[in-house]
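Trainee:
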């Protein structure tokens, strides 16, 4: 057989039906569901008198809408409450397992999938959420879908998919101190731009990617969609196997060993062809900060806000002008001179235990600037519990951070955690779109250590100077 | 889904690249548990800025049912609410040099046609809107063309399968369920990956 990519192997293994001139009918191994993009899908099923075909491969959580304050208090927003209640009702009626508010497994859907061992190498994974690419870090083909497709998967456990093209993104070499996975992916998006990956599935490869922890690989894969790619993936290796061993839904004993042997076969063969390839030198990455209103508008912390006149393409120039106007920034301002009102450490991009550990290292023994209000929102209840067992919560609260319950929170501001108009935020989340964190709010995307240092300084700082 | 029929409609220009779905329908409208009525939230923040006149607020574009925009339209969040909002507002087609993948899929599921034209062709439409009041385009899906009353036209590509789904208004769940035997056979050959 011809040499195959990791993507080719997963795709080939999931074709249920294929005919010329049609997309393929692909089997979906795991369907993750949350409260915001599923109500209309369940409604559609009910209206058509259809059932959930595989409740044993469908798992739900409440994350987008949920308050991050004391969980014993009632939810005050009636619309959020209605959506959360609807999720409970739908899961009960259709027999779907729900990790609900108050459960110790509740959390952001893209944090709990890997954490519970639901997301495994070689799988096809979908969710009504564009950051589903996160699960690609397990060596899976994972991508976001709309609500009509959620309904389709609930009913059939399959999807019609045109075969995407493949894109190899190689990163080789040693990262500098204080430079991490978030800087890699922001740097990549800055280079390929926000639609550079459209129509493609990315495989991240190279020595730098191999050296990343599983959580760091999740950060990289998570933001594939910000580069236009629906899916991003990393080949499974011994780290993947070690990460999965003992997790709740993963087989145990001899079955685990058999599964692990199968997982390790999901690798790109030597000589396999990608439709596109691009390479990066890890040593060239510096800490990244976005200055505009999409994740491709990004630069290094030591740089300046660009002048729109420097963009040769008229559409890009106009977009940069609009972005600087919205962001309240002048061309030529040093990134390190940008003062902040808020700091958010959280989201499916950067709210795992390794993220919180790294941020706590920076914060330890320091204080949040008096002009800044700072939040830490753990990605899941399990992350929160582990962080608390390590005393990270006390480090953050002693420094002046608020320590919250798990959820999507200020990444998209569907719950009460939002920016006020004009407020400027250093955020470890994934989107700096206009109004994303609250109408009129100004978002700068950064890594957890950059956010932590910015909280202390009250403005952006080059965290490399703080790294011990 | 209703069958897509050829039509002639007023074109509204949205002269921005990378229009994301957070702009098309802001977060507060995602708390809805139904598909209907989302037109009220379409471009809500842009329509409700006191100091700038957003294009859809101009009287001459009130009846528009074709939107033309710049590259990478519909990027970001997978929220299908964006398409429900466009459709509910009255848009039946969007023209741009490129679209984000998930948004494009969502459009096809709701009978909204996404038309990819070359950047120069999109430029031509923006220019024509400036020089003609009530500038309209005729969309012919079967013929894969857009044309105006002044003799300008352009061809667009679309895969056969989505084209057929749109033209025939197919319910793709029903289409898939016709393959139930193949799905069952696949499942029988692939046991659960999870701990019993």
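Chains as they are written, first to last, in this note's numbering: chain A, 1 to 468; chain B, 1001 to 1196. Beta carbons: idealized from backbone N, C-alpha and C, even for Gly.
1) Over the uninterrupted beta strand (DSSP E) stretch that includes residue 1140 (chain B), give me the two end residues.
2) Which bits of chain A does residue 1013 (chain B) rub up against, with CB to CB less than 9 Å?
3) Cβ of residue 1114 (chain B) within 7 Å of Cβ of residue 1094 (chain B)?
4) Can you give the Cα-Cα distance for residue 280 (chain A) and residue 105 (chain A), rounded to whole angstroms?
5) In three-state DSSP terms, what is residue 1162 (chain B)?
6) Considering only C-alpha positions, which residue in the set A:263, A:228, A:235 is nearest to residue 245 (chain A)?
7) In or out: residue 1034 (chain B) buried (at least 16 other Cβ within 10 Å) or exposed?
8) Let me know the secondary structure DSSP gives residue 1113 (chain B) once reduced to three states.
9) Beta-carbon within less than 8 Å of residue 70 (chain A)'s beta-carbon, same chain only, minus the 5 sequence neighbours each way: which residues are those?
10) For residue 230 (chain A) and residue 1101 (chain B), which I take to be in contact (beta-carbon distance under 8 Å), what is that distance rounded to the nearest angstrom?
11) Against chain B, does residue 407 (chain A) count as a neighbour if the rule is that its beta carbon must be under 7 Å from one of theirs?
12) At what residues does the alpha helix (DSSP H) containing residue 300 (chain A) begin and finish?
13) Give me the Cα-Cα distance between residue 493 (chain A) and residue 154 (chain A), rounded to the nearest whole angstrom.
14) Taking only three categories from DSSP, how would you classify residue 169 (chain A)?
15) Taking the alpha-carbon of residue 1007 (chain B) as reference, which of B:1137, B:1144, B:1196 has the nearest alpha-carbon?
16) Quick check: is the beta carbon of residue 90 (chain A) nearer than 7 Å to any beta carbon in chain B?
17) Would you mind sorting residue 450 (chain A) into buried or exposed? The rule is 16 or more other CB atoms within 10 Å of its CB.
18) Taking the alpha-carbon positions, what's the residue 1057 (chain B) to residue 308 (chain A) distance?
19) Could you check whether the Cβ of residue 1186 (chain B) sits closer than 7 Å to any Cβ belonging to chain A?
20) Going by C-alpha to C-alpha distance, which of B:1037, B:1053, B:1112, B:1147 sits closest to residue 1074 (chain B)?
21) Please report the Cβ distance between residue 1055 (chain B) and residue 1012 (chain B), rounded to the nearest whole angstrom; I am assuming they are in contact, meaning their Cβ atoms lie under 8 Å.
22) Classify residue 1048 (chain B): buried if its beta carbon has 16 or more other beta carbons within 10 angstroms, exposed otherwise.
23) Kindly indicate which residue of A:157, A:412, A:168 has the alpha-carbon position closest to the one of residue 1173 (chain B).
24) So residue 346 (chain A) packs on residue 411 (chain A), CB below 8 Å; how close in whole Å?
25) Taking contact to mean at least 3 C-beta pairs separated by less than 8 Å, is the stretch 279-294 of chain A in contact with the stretch 165-173 of chain A?
26) With a threshold of 8 Å on Cβ separation, who are the neighbours of residue 409 (chain A) within its own chain once the five nearest residues in sequence on each side are excluded?
27) Give the interface partners of residue 431 (chain A) over in chain B, defined as CB-CB distance under 9 Å, in chain order.
28) For residue 301 (chain A), tell me which candidate among A:57, A:64, A:459 has the shortest Cα-Cα distance.
29) Using only CA atoms, which one of A:323, A:467, A:403, A:388 lies nearest to residue 444 (chain A)?
30) Flag this pair as yes or no: are the beta carbons of residue 463 (chain A) and residue 312 (chain A) separated by less than 7 Å?
31) For the alpha helix (DSSP H) holding residue 326 (chain A), just list the boundary residues, first then last.
32) Within the same chain, show all residues whose beta-carbon is closer than 8 Å to that of residue 368 (chain A), passing over the 5 residues directly before and after it, in chain order.
33) Mind checking who residue 61 (chain A) pairs with in its DSSP beta bridge?
Mentor: Put simply:
1) Numbered from 1 along the second chain, position 140 holds the residue referred to as residue 1140 (chain B). Segment 1136-1140, the beta strand (DSSP E) holding residue 1140 (chain B).
2) The residue given as residue 1013 (chain B) occupies position 13 in the second chain. Within chain A, no residue comes near residue 1013 (chain B); the closest Cβ sits about 13 Å away, beyond 9 Å.
3) Working through the second chain from its first residue, we reach residue 1114 (chain B) at position 114. Working through the second chain from its first residue, we reach residue 1094 (chain B) at position 94. Contact flag set, yes.
4) Position 280 of the first chain holds residue 280 (chain A). Position 105 of the first chain holds residue 105 (chain A). Taking the straight line from one Cα to the other gives about 37 Å.
5) Taking the first residue of the second chain as 1, we reach residue 1162 (chain B) at position 162. Three-state result, residue 1162 (chain B): helix.
6) Position 245 of the first chain holds residue 245 (chain A). With distances taken between Cα atoms, residue 245 (chain A) lies closest to A:263.
7) Taking the second chain and counting its residues from 1, the one referred to as residue 1034 (chain B) is at position 34. Exposed, since its Cβ has fewer than 16 Cβ neighbours within 10 Å.
8) Reading the second chain from its first residue, position 113 is the one you call residue 1113 (chain B). The answer is strand: DSSP assigns residue 1113 (chain B) an E or B state.
9) Stepping through the first chain from its first residue, residue 70 (chain A) is reached at position 70. These residues qualify, in order along the chain: 405.
10) Working through the first chain from its first residue, we reach residue 230 (chain A) at position 230. Working through the second chain from its first residue, we reach residue 1101 (chain B) at position 101. Indeed they touch by this definition, with Cβ atoms about 5 Å apart.
11) Counting from one through the first chain, the residue named residue 407 (chain A) turns up at place 407. Residue 407 (chain A) does not count as touching chain B.
12) The residue labelled residue 300 (chain A) in the question sits at position 300 within the first chain. No alpha helix (DSSP H) holds residue 300 (chain A); the beta strand (DSSP E) holding it covers 298-300.
13) Look at the range of chain A in this structure, 1 to 468, and you will see that residue 493 (chain A) is not part of it.
14) The residue you call residue 169 (chain A) lines up with position 169 of the first chain. If DSSP states are grouped into helix, strand and coil, residue 169 (chain A) belongs with the strands.
15) Residue numbering aside, residue 1007 (chain B) sits at position 7 when the second chain is read from its first letter. Comparing Cα positions, the closest option is B:1137.
16) Within the first chain, residue 90 (chain A) is the residue found at index 90, counting from 1. Not one chain B Cβ lies under 7 Å of residue 90 (chain A).
17) In the first chain, residue 450 (chain A) corresponds to position 450, counting from 1. Buried.
18) For this step, residue 1057 (chain B) is matched to residue 57 along the second chain. For this step, residue 308 (chain A) is matched to residue 308 along the first chain. So the alpha carbons of these two residues sit roughly 27 Å apart.
19) Translated into positions along the second chain, residue 1186 (chain B) becomes position 186. Yes - at least one Cβ of chain A is within 7 Å of the one on residue 1186 (chain B).
20) Stepping through the second chain from its first residue, residue 1074 (chain B) is reached at position 74. Minimum Cα distance to residue 1074 (chain B) is reached at B:1112.
21) If you number the second chain from 1, residue 1055 (chain B) lands on position 55. If you number the second chain from 1, residue 1012 (chain B) lands on position 12. That belief holds up - the Cβ atoms of residue 1055 (chain B) and residue 1012 (chain B) are roughly 6 Å apart, short of 8 Å.
22) As a position in the second chain, residue 1048 (chain B) is number 48, starting the count at 1. Note on residue 1048 (chain B): under 16 other CB atoms within 10 angstroms of its CB, so exposed under the neighbour-count rule.
23) Here residue 1173 (chain B) refers to the residue found at position 173 when the second chain is read from its first residue. Proximity to residue 1173 (chain B) across A:157, A:412, A:168 peaks at A:157, based on C-alpha coordinates.
24) Locating residue 346 (chain A) in the first chain gives position 346, counting from the first residue. Locating residue 411 (chain A) in the first chain gives position 411, counting from the first residue. 6 Å between Cβ atoms; contact.
25) Contact holds: three or more Cβ-Cβ distances are below 8 Å.
26) Here residue 409 (chain A) corresponds to residue number 409 of the first chain, with the count starting at 1. Closer than 8 Å at the Cβ level, and outside the excluded window around residue 409 (chain A), lie 68, 344, 346, 347, 375, 377, 415, 417.
27) The sequence position of residue 431 (chain A) within the first chain is 431, counting from 1. Near residue 431 (chain A) (Cβ distances below 9 Å), the residues of chain B are 1020, 1022, 1076, 1077.
28) Here residue 301 (chain A) is taken as the residue at index 301 of the first chain, counted from 1. For residue 301 (chain A), the nearest C-alpha among the options comes from A:459.
29) For the purposes of this step, residue 444 (chain A) is identified with residue 444 of the first chain, where counting begins at 1. If we check each option's Cα against that of residue 444 (chain A), A:323 comes out closest.
30) If you number the first chain from 1, residue 463 (chain A) lands on position 463. If you number the first chain from 1, residue 312 (chain A) lands on position 312. Taking 7 Å as the Cβ cut-off, residue 463 (chain A) and residue 312 (chain A) do not qualify as a contacting pair.
31) Indexing the first chain from 1 puts residue 326 (chain A) at position 326. For residue 326 (chain A), the enclosing alpha helix (DSSP H) starts and ends at 314-327.
32) Stepping through the first chain from its first residue, residue 368 (chain A) is reached at position 368. Here the set comprises 343, 374, 399, 400, 401, 455, 456.
33) Start at 1 with the first residue of the first chain, and residue 61 (chain A) comes out as number 61. Note: residue 61 (chain A) sits in a beta bridge opposite A:34, A:99.
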